[in-house]
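The working numbering puts the first residue of the sequence shown at 436, with every later residue one more than the last.
For glycine and all other residues, C-beta sits at the position ideal for the given N, C-alpha and C.
To start, the structure itself, in structure tokens.
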Amino acid sequence: MEGRLDWRTLLWRFLTPTPTDFGGLDRRFVHQRLYLEALEEWNVRVHIAVDTSGSIGSAVLSRFLGEVRAILRAYPRTQAQLYYADAQLYGPYPLEPEGPWPRPRGGGGTDFRPFFRHLEAQENPLGEILAVYLTDGYGDFLETPPRFPVLWVVAPGGLADEGFPFGEVARLWD
436 MEGRLDWRTL
446 LWRFLTPTPT
456 DFGGLDRRFV
466 HQRLYLEALE
476 EWNVRVHIAV
486 DTSGSIGSAV
496 LSRFLGEVRA
506 ILRAYPRTQA
516 QLYYADAQLY
526 GPYPLEPEGP
536 WPRPRGGGGT
546 DFRPFFRHLE
556 AQENPLGEIL
566 AVYLTDGYGD
576 FLETPPRFPV
586 LWVVAPGGLA
596 DEGFPFGEVA
606 RLWD
């Protein structure tokens with residue numbers, strides 16, 4: 436049986452800056468000849484893919500979207516983009532916690548590669564990329580891991596942890 440660490444705990448590690456995230460000098464104190472390091476404001480762009488393949492029923496899809504809303508409420512300053520994905524990628528759609536969301540698209544097979552290839556092509560000079568993929572885990576994976584952190588949030592009855600070739604795996608529990 437897999438451990439029961441809440442997936443939000445894993446996400447928190449990626450989205451919360453620590454007091455040791457310093458860079459550059461704090462210009463507010465230079466005129467006083469105090470050369471203090473400035474605490475950087477960490478800017479993470481979260482790209483959230485929701486599996487809309489045929490193996491995802493309406494109850495699981497509804498739960499996935501509820502979890503995405505929970506991310507946005509817990510981390511309101513996070514820049515989030517939503518993607519729907521089956522064998523194709525739909526999006527990105529910018530997200531606001533209470534704003535209107537596009538209707539899910541998909542219903543075909545599952546291929547994780549279009550999402551990761553899209554993110555690999557992104558240039559992100561303003562911060563880091565974090566990928567969160569809500570899925571049952573059954574689909575085609577990249578052969579080489581992406582260059583950014585990945586958090587798989589897996590539905591009950593989904594692929595076993597050792598079936599994921601990269602990233603961290605967390606479970607949604609009944």
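List the whole-angstrom C-beta distance separating residue i from residue j, where the pair is believed to meet the contact cut-off of C-beta under 8 Å.
i, j, result
"glycine 489", "glycine 543", "6 Å"
"tryptophan 587", "glutamate 603", "7 Å"
"glycine 534", "tyrosine 519", "About 16 Å; that fails the 8 Å criterion."
"proline 532", "proline 549", "In fact, because the Cβ distance is near 26 Å, the residues do not count as touching under 8 Å."
Roughly how many whole angstroms lie between the Cα atoms of residue i and residue j?
i, j, result
"aspartate 546", "glutamine 523", "7 Å"
"phenylalanine 601", "threonine 513", "24 Å"
"alanine 566", "alanine 494", "23 Å"
"isoleucine 564", "histidine 482", "7 Å"
"proline 539", "phenylalanine 551", "19 Å"
"arginine 498", "proline 537", "16 Å"
"valine 503", "leucine 607", "12 Å"
"alanine 414", "valine 585", "In the structure as shown, the chain begins at 436 and stops at 609. Residue 414 is therefore absent and cannot be evaluated."
In the DSSP assignment, find the unbroken beta strand (DSSP E) run with residue i in it and report its ends.
i, result
"arginine 606", "603-606"
"proline 634", "This structure cannot settle anything about residue 634, because the visible part of the chain is limited to 436 through 609."
"glutamate 563", "563-570"
"leucine 554", "No beta strand (DSSP E) holds leucine 554; the alpha helix (DSSP H) holding it covers 548-555."
"alanine 515", "514-520"
"leucine 577", "Run containing leucine 577: none; DSSP gives neither H nor E here."
Classify residue i as buried or exposed, calling it buried when 16 or more other Cβ atoms lie within 10 Å of its own Cβ.
i, result
"aspartate 486", "buried"
"arginine 574", "Residue identity check: residue 574 is glycine in the sequence provided, not arginine. Burial call: buried."
"threonine 570", "buried"
"arginine 480", "buried"
"alanine 605", "buried"
"aspartate 521", "buried"
"glycine 593", "buried"
What residue range does the alpha helix (DSSP H) around residue i cover?
i, result
"alanine 509", "493-509"
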